[in-house]
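Counting in this note's numbering, the final residue of the sequence shown is number 697, and the numbers go up one at a time with none missing. Glycine included, every Cβ here is placed at the ideal spot set by N, Cα and C. These figures come from a predicted structure and were not determined experimentally.
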Amino acid sequence: MLTTKSIGNAYDVALENFDTAADAMELDKDTREMIKYPERVLTVSIPVKMDDGRIHRFEGFRVQHSTARGPAKGGIRFHPQVTLDEVKALATWMTWKCAVVNIPFGGGKGGVTCDPKNMSRNELERMTRRYTSAILPLIGPEQDIPAPDVYTNPQTMAWIMDTFSMIKGYSIPGVVTGKPISLGGSLGRNEATGRGVFYTVESACEHLKIPLKGARVVVQGFGNAGSVTAQLLHEAGAKVIAVSDSNGCIHNKKGLNIPELIHMKTLTGRVEGFPESETIRPEELLALECEILVPAALENMIHADNAGAVKARLVAEAANGPVTPAGDRILEKNGIFLIPDILCNAGGVTVSYFEWVQDEQHLFWEAQDIYKRLERVMKTSFRDVLKIHLERKVPMRIAANILGIGRVAEAVQIRGIYP
Ligand code: NAD
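Structure below.
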């Protein structure tokens, strides 16, 4: 597998980002103690009968970082590098993210350490169902609502919903979001993260006076979030000049034909070999001259050793935690504007919230309603964060954390401690 040297522990990054924002907002020590750490952490052992008849034991996790503002909310990741610390970090970011866009959810996350690319569909189904039964005491529409993340998809959500419903004895679509439409999924959920990234990039370009038409864009990670962002930027007249996935990176300085690239990626599972493109190395991709860089793969991709090479004017974090604190400081010093992950990629959880509301009401909305509501949430949240950035003269990441952490702190302070 291709790796852009990724360094550091994501949970250390999450804690460091919390402390930086808590210091900047002068949050008192008692409230910090109450909101910094996960409320619940569950590790599960998942025995699965593989296609060759042997049993393989996988390890899985579900972390609820906060339920102060509502049920825990967060995706489930299937990846060989999933660790408990990574899941804790992702759950922590979900808490601040839901608060930044002001939806009534807390933060959670789940994961299974596995290599889904080398598992059959039947093996994945058995693993997903057994994992669901193992985390069953924690999840539910009023408690904790999983969604897709890296290498999980609407089919995975359908298996979770079915297993949960069979055990409870009746259908409960609201237990997961990101479901297929036929099971109570929402229109627009599949492309929600990329669409949300697009709306925040539009707002940032307006603020920075970068015309979107003709702007050069580089996208690292061409999965759900990355490919939809690329598609919408392409449709808006921007020029996507380079993209990468876990197998390779491609470049064409005149711009790639994104709809055709998406078609090829769907058919072959890779971007390398796309007509009229040259293959480049991952470190070259990050160093390309461009206006907009969209890291949309995994955590810790931009760090102390490579951040100095970034030449973009704007970095839009479609992925969770793609820039380390040391990377942040370098981008900041070089005057690069950052749309932080907990704002930039919050479109996914926002439409998940719309899906949950529709499931609970048994009443479904038109796609245009979803897009309009999503645009309003993303652009309002961008303005709220930008205001803190400008008024307090703090970096955009700290500004977003101040907004999110502040809302969670307020909820915890008003609720008090029981028992
Ligand atoms: P995905 O599995 O659809 O796509 C991930 C992509 O990253 C794949 O194309 C993969 O090949 C690529 N990749 C993996 N390692 C890479 C590497 N070293 N270099 C370049 N590319 C690499 O996953 P996704 O849902 O698009 O998630 C991507 C990121 O966005 C994750 O950080 C995820 O947490 C975040 N995110 C996703 C959503 C969502 O709704 N899908 C919501 C919020 C945040």
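{"query": "6 Å CB neighbourhood of M279 in its chain, flanking five on each side removed", "result": "Here M279 scores only 41 on pLDDT, less than 50, and its place in the model should not be relied on; the value that follows carries that caveat. These residues qualify, in order along the chain: S524."}
{"query": "Endpoints, alpha helix (DSSP H) assigned at S522", "result": "Unbroken run through S522 is the beta strand (DSSP E), 517-522; no alpha helix (DSSP H)."}
{"query": "beta-carbon D583 near the ligand NAD non-hydrogen atom, thresh 7 Å", "result": "no"}
{"query": "The alpha helix (DSSP H) enclosing A604, as first and last residue numbers", "result": "603-611"}
{"query": "Reference P603, options D619, T507, S464, closest by Cα", "result": "D619"}
{"query": "Sufficient close CB pairs (3 or more, under 8 Å) joining the segment 662-674 to the segment 365-376", "result": "no"}
{"query": "D301: CB within 7 Å of a non-hydrogen atom of the ligand NAD", "result": "no"}
{"query": "Distance cut-off 7 Å: L576 Cβ against heavy atoms of the ligand NAD", "result": "yes"}
{"query": "DSSP beta-bridge partners of I320", "result": "Note that residue 320 is Leu in the sequence shown here, rather than Ile. For L320, which the question treats as bridged, DSSP gives the partners R340."}
{"query": "Pairwise C-alpha distance: G499 and E595", "result": "11 Å"}
{"query": "Nearest-angstrom Cβ-Cβ length linking P316 and V341, presumed shorter than 8 Å", "result": "5 Å"}
{"query": "Collapsed DSSP secondary structure at T455 in the structure displayed", "result": "coil"}
{"query": "Residue environment, Q639, which counts as buried when at least 16 other CB atoms sit within 10 Å", "result": "exposed"}
{"query": "For K589 and D606, the rounded distance between their alpha carbons", "result": "14 Å"}
{"query": "Length-filtered (3 minimum) beta strand (DSSP E) runs lying within the segment 492-574", "result": "494-498, 517-522, 527-529, 556-558, 570-573"}
{"query": "Beta-ladder partner(s) of A425, from DSSP", "result": "G353"}
{"query": "Cβ-based burial, Q646 [other Cβ within 10 Å; buried from 16]", "result": "exposed"}
{"query": "Coil, strand or helix - V690 by DSSP", "result": "helix"}
{"query": "Whole-number beta carbon distance between D363 and A288, since they are thought to touch under 8 Å", "result": "7 Å"}
{"query": "Sufficient close CB pairs (3 or more, under 8 Å) joining the segment 451-461 to the segment 409-427", "result": "yes"}
{"query": "The segment 501-510 / the segment 460-479 touching (three or more Cβ pairs under 8 Å)", "result": "yes"}
{"query": "Heavy atom of the ligand NAD within 7 Å of D297 beta-carbon", "result": "no"}
{"query": "Three-state secondary structure (DSSP) of P432", "result": "helix"}
{"query": "Cβ-based neighbour list, G526, same chain, cut-off 8 Å, excluding 5 preceding and 5 following", "result": "L280, R548, V549, E550, T557"}
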